[in-house]
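Visitor: Mind looking over this structure? Questions follow.
Numbering (my numbering), first residue to last: 4 to 198.
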C-alpha cells in the first residue's frame, strides 16, 4: 500500500464515520426518510460520497444501526477498564444506550420493512448489547453496588420501554426516568469486593 492509498483509505473511513453520525442525527430529527442531501450536508460531504458508501437507503439504515450497536458494545468494554465505580460505569453506559434507543425508534419503520439487507438487526441487540450490559451489571453486583436480582435482559427491556419518544417526551425525559430506574437497582450499602 502506498502512502497515497493509505491517505485515501483514511479519508474514506472519516467520510463513512461522518455519514453514519449525520444520518443517525437526521433520522432522529426527520425520520428515516430524511433527504440524502441533508445527511450529506450534515456530514460535510457530497451526495455522491454518500451513495458510494451506501448505495441504498436500506444500506444506510442498517449501517447506522450496526454502528451504534458497535459503539455501545465498545463503550461497555472501555468503561470496565476505567478506574471508576462499577455503578457509575453502568450509569454512563445506560445513558449511551438511551441515545441509541432514541435513534433506533427513529429507525423503527425501516427496521420493520421486508428489506433483506435489514434482516437480523434485532438479533444484533441480543447478541451484542445484552452481554455488554451484563458485563457491567456483574461488575456492579460483584462490587455490591447493584442488586444481584437485576438481569441484563430485564434492565434493557425496562430502559427500552422508558425510552420510547412521544409528544413532550424525548431523550432528556427518558434519561431522567432511566436515572430513577437505575437508582432502584442500586444496593443501599456497597460491600467490599472480594479478592
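Cβ coordinates follow ideal geometry from the N, Cα and C atoms, glycine included.
Work out the CA separation of residue 136 and residue 159 for me, nearest whole Å.
Guide: The residue labelled residue 159 in the question sits at position 156 within the chain shown. The residue labelled residue 136 in the question sits at position 133 within the chain shown. About 8 Å.
Visitor: Ordered along the chain, which non-local residues of its own chain (more than five positions away) have a Cβ less than 6 Å from that of residue 198?
Guide: If you number the chain shown from 1, residue 198 lands on position 195. No answer about residue 198 holds up, because its pLDDT of 48 lies below 50 and its placement is not dependable.
Visitor: Please name the residue, chosen from 76, 189, 127, that lies closest to residue 99 on a Cα-to-Cα basis.
Guide: Taking the first residue of the chain shown as position 1, residue 99 is located at position 96. Among 76, 189, 127, the Cα nearest to that of residue 99 belongs to 76.
Visitor: Kindly indicate which residue of 14, 146, 105 has the alpha-carbon position closest to the one of residue 72.
Guide: Your numbering for residue 72 matches position 69 in the chain shown. Here the closest residue by C-alpha is 105.
Visitor: Short check: CB of residue 143 to CB of residue 184, under 8 Å?
Guide: For the purposes of this step, residue 143 is taken as residue 140 along the chain shown, with counting starting at 1. For the purposes of this step, residue 184 is taken as residue 181 along the chain shown, with counting starting at 1. Contact flag unset, no.
Visitor: Only counting the same chain, and skipping five residues up and downstream in sequence, which positions put a Cβ closer than 8 Å to that of residue 83?
Guide: On the chain shown, position 80 is the one that residue 83 refers to. Contacts found: 92, 138, 139, 142.
Visitor: Tell me which residues share the same chain as residue 39 and place their Cβ nearer than 7 Å to its Cβ, disregarding the 5 neighbours each side in the sequence.
Guide: The residue given as residue 39 occupies position 36 in the chain shown. Once the five neighbours on either side are set aside, the close Cβ partners of residue 39 are 50, 53.
Visitor: Residues bridged to residue 189 by DSSP?
Guide: As a working mapping, residue 189 is identified with position 186 in the chain shown. Answer by DSSP bridge pairing, in chain order: 149.
Visitor: Quick one: what's got a C-beta closer than 6 Å to residue 174's C-beta in the same chain, skipping five residues either side?
Guide: Counting from one through the chain shown, the residue named residue 174 turns up at place 171. The beta carbon of residue 174 is closer than 6 Å to those of 105 in its chain, skipping five residues each way along the sequence.
Visitor: Relative to the C-alpha of residue 162, which candidate in 190, 101, 61, 64 has its C-alpha closest?
Guide: On the chain shown, residue 162 is found 159 positions in, with the first residue counted as 1. Among 190, 101, 61, 64, the Cα nearest to that of residue 162 is on 101.
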